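J.: Going by the UniProt record's numbering, the sequence shown opens with residue 1, and the numbers climb by one from there. Before I ask anything, here is the structure I am working with.
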Amino acid sequence: MRIRLPASAVRAAATLLAAALRRITPAAAHRRLAVGAVVLALLTPLYGCRAELVPPGAPTPWSSPPGGVWRWQWQLRGPVDTSVDADVFLLDPVRVTSTETAALRRQGRRLVCQVPVGSYAGSDPDATRFPAAVRGAPARRTGGHWLDVRRWDLLRPVLADRFRLCRGKGFGAVALADADGYAHRPGFPFGFDDQLVFNRRAAELARSLGLSPGLVDDVAQVAALAPDFDFAVNQECVRLRQCAKLLPFVDAGKPVFHVEYTGATGIFCVTSVGYGFSSIRKNRTLDAWRRPCPPP
């Protein structure tokens with residue numbers, strides 16, 4: 001692959017070379033010109049071998065879904081099935097490859113990365129970056145450990161790098177997971193208001209790095225956080241009878257990506273689609289299989 005040197009760099013080199021030649025004898029000029037030609041010949045292959053960088057897209061807009069409802073896929077296990085007929089893909093930024101995200105972007109898909117912001121797992125590549133002071137009790141739901149969300153000074157650098165990984169792989173949005181430690185037993189005495197402050201800071205950090213922030217679950221705080229997030233991801237609001245609590249997103253024209261793990265789509269879709277959600281049925285393993293609700 002050949003990449004040309006910037007025109008400004010070529011002009012600058014030519015100007016410097018001409019100035020140098022004016023100050024030396026003709027014989028020396030010929031010698032230095034020959035040396036310059038050799039150097040240029042050696043440098044050109046170096047630039048030519050540099051991999052072409054694919055810039056990330058703009059933060060994902062959510063204004064008007066095609067056909068009136070977003071078709072979406074949530075896959076965190078196995079090789080990404082890029083043939084799924086969906087507008088939005090919610091993926092693990094660590095497991096997914098740049099080749100897979102590039103293939104999806106060429107198809108015009110919107111990419112959302114899922115990033116745990118209130119917990120960490122021992123298998124996470126950056127697990128050792130969390131100081132002992134912020135490591136809390138086991139999070140049985142995820143198999144990891146909760147984090148002390150009051151220590152923004154210690155958590156911000158790690159979260160920023162997690163978000164940068166998303167941008168580097170071409171994602172335009174991020175879904176903030178495990179943002180409800182206050183509702184469990186995190187091992188720290190933080191409460192509802194501490195979680196609100198942390199979640200808003202995390203959303204603001206995502207925006208500062210060019211990502212559209214979304215909220216995963218944390219239904220009890222939706223009314224307070226809907227203005228700070230661009231979309232919501234919800235698990236089993238029909239089974240848990242919590243769907244009405246997600247209406248602040250719908251009323252604000254923001255998408256709600258909803259999944260159920262049990263029940264027939266012909267039954268729960270009546271409720272979720274009636275609320276205006278984009279709903280699918282998935283396996284709990286979140287592999288490639290999915291069954292979408294029909295559009296309204």
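Ideal Cβ placement from N, Cα and C applies to all residues, glycine included. Quick caveat, the model's predicted, so the values are computed rather than measured.
Could you check the C-alpha separation between Pro-296 and Pro-131 for me, to the nearest Å?
T.: Straight-line Cα distance between these residues: approximately 48 Å.
J.: Output needed for Gly-78: all residues of its chain with C-beta closer than 8 Å, excluding positions within five of it in sequence on either side, in chain order.
T.: Hits under 8 Å: Asp-287 and Ala-288.
J.: DSSP three-state call for Trp-146: helix, strand or coil?
T.: Residue state, collapsed to three classes: strand.
J.: For Gly-122, is the classification buried or exposed, using 16 other Cβ atoms within 10 angstroms of its Cβ as the cut-off for buried?
T.: Exposed: under 16 other Cβ atoms inside 10 Å.
J.: Got a sec? Which residues, its chain only, sit under 7 Å from Thr-265 by beta carbon, not counting five neighbours each side?
T.: For Thr-265, where only same-chain residues beyond five positions count, the Cβ hits under 7 Å are Arg-281, Arg-291 and Cys-293.
J.: Rounding to the nearest angstrom, what Cα-Cα distance links Ala-144 and Ala-252 in this structure?
T.: The sequence as given places Gly at residue 144; Ala does not occur at that position. When rounded, the distance between both Cα atoms is 33 Å.
J.: Once DSSP output is grouped into helix, strand and coil, what is the label at Arg-201?
T.: In the structure shown, Arg-201 sits in a helix (DSSP, three-state: H, G or I).
J.: Please report the distance separating the alpha-carbon of Trp-146 from that of Arg-129.
T.: The straight-line gap from Cα to Cα measures roughly 14 Å.
J.: Spatial neighbours of Arg-162 within its chain, please: CB distance less than 6 Å, with the 5 preceding and 5 following residues excluded, ordered by chain position.
T.: Answer for Arg-162: Val-115, listed in chain order.
J.: Within 10 angstroms of its Cβ, does Ser-272 collect 16 or more other Cβ (buried), or is it exposed?
T.: It counts as buried.
J.: Write down every uninterrupted run of the alpha helix (DSSP H) in the stretch 236-271 whose length is 4 residues or greater and which is fully enclosed by it, in chain order.
T.: Segments of the alpha helix (DSSP H) lying fully in the stretch 236-271: 237-240 and 247-251.
J.: If you measure between the beta carbons of Val-149 and Gln-195, is that distance less than 8 Å?
T.: Taking 8 Å as the Cβ cut-off, Val-149 and Gln-195 qualify as a contacting pair.
J.: For the ligand MG, is there any heavy atom lying closer than 7 Å to the beta carbon of Ser-98?
T.: Summarising the ligand content, the structure contains no ligands, and the ligand MG is consequently not present.
J.: What residues in its chain sit with their C-beta under 7 Å from that of Tyr-182, if we drop five residues either side in the sequence?
T.: Same-chain partners within the cutoff: Phe-190, Gly-191, Phe-192, Asp-194 and Gln-195.
J.: Mind checking whether Pro-213 and Ala-224 have CB atoms under 8 Å apart?
T.: No, these two residues do not count as a Cβ contact at 8 Å.
J.: Quick one: is Gly-68 buried, meaning 16 or more other Cβ sit within 10 Å of its Cβ, or exposed?
T.: Looking at its Cβ environment, which holds fewer than 16 other Cβ atoms inside 10 Å, Gly-68 is exposed.
J.: May I have a chain-ordered list of the beta strand (DSSP E) segments no shorter than 3 residues that lie completely inside the stretch 96-151?
T.: Taking only runs of at least 3 residues, the beta strand (DSSP E) segments lying wholly in the stretch 96-151 are 110-116, 135-139 and 144-147.
J.: Take Gly-187 and list the residues in its own chain whose beta-carbon comes closer than 7 Å to its own, dropping the five residues that flank it on each side.
T.: For Gly-187, where only same-chain residues beyond five positions count, the Cβ hits under 7 Å are Gly-136, Ala-137 and Trp-146.
J.: Taking Leu-211 and Val-158 to be in contact with their CB atoms under 8 Å, please state how far apart those CB atoms are, rounded to whole angstroms.
T.: So it is not a contact: roughly 16 Å between Cβ atoms.
J.: Can you tell me whether Ser-208 is helix, strand or coil according to DSSP?
T.: Helix, per DSSP.
J.: Are there 16 or more other CB atoms within 10 angstroms of the CB of Tyr-261, so buried, or fewer, so exposed?
T.: Tyr-261 is exposed by the Cβ-count criterion.
J.: Mind checking who Trp-74 pairs with in its DSSP beta bridge?
T.: Answer is Leu-90.
J.: Could you tell me which residues DSSP pairs with Pro-213 in its beta bridges?
T.: Looking at the DSSP assignment, Pro-213 forms a beta bridge with Val-174.
J.: Rounded to the nearest angstrom, what separates Val-88 and Arg-95 at their Cα positions?
T.: Cα-Cα distance, rounded: 17 Å.
J.: Use the C-beta contact count for Leu-40: other C-beta atoms within 10 angstroms, 16 or more gives buried, fewer gives exposed.
T.: Below a pLDDT of 50, predicted positions are generally treated as unreliable, and Leu-40, at 33, falls in that range; no measurement from the model is reported.
J.: Decide if Ser-279 is buried, meaning its Cβ has at least 16 other Cβ atoms within 10 Å, or exposed.
T.: Buried, because 16 or more other Cβ atoms sit within 10 Å of the Cβ of Ser-279.
J.: How far does the alpha helix (DSSP H) with Val-80 in it extend, from its first residue to its last?
T.: Premise fails: Val-80 is in no alpha helix (DSSP H) and is neither H nor E.
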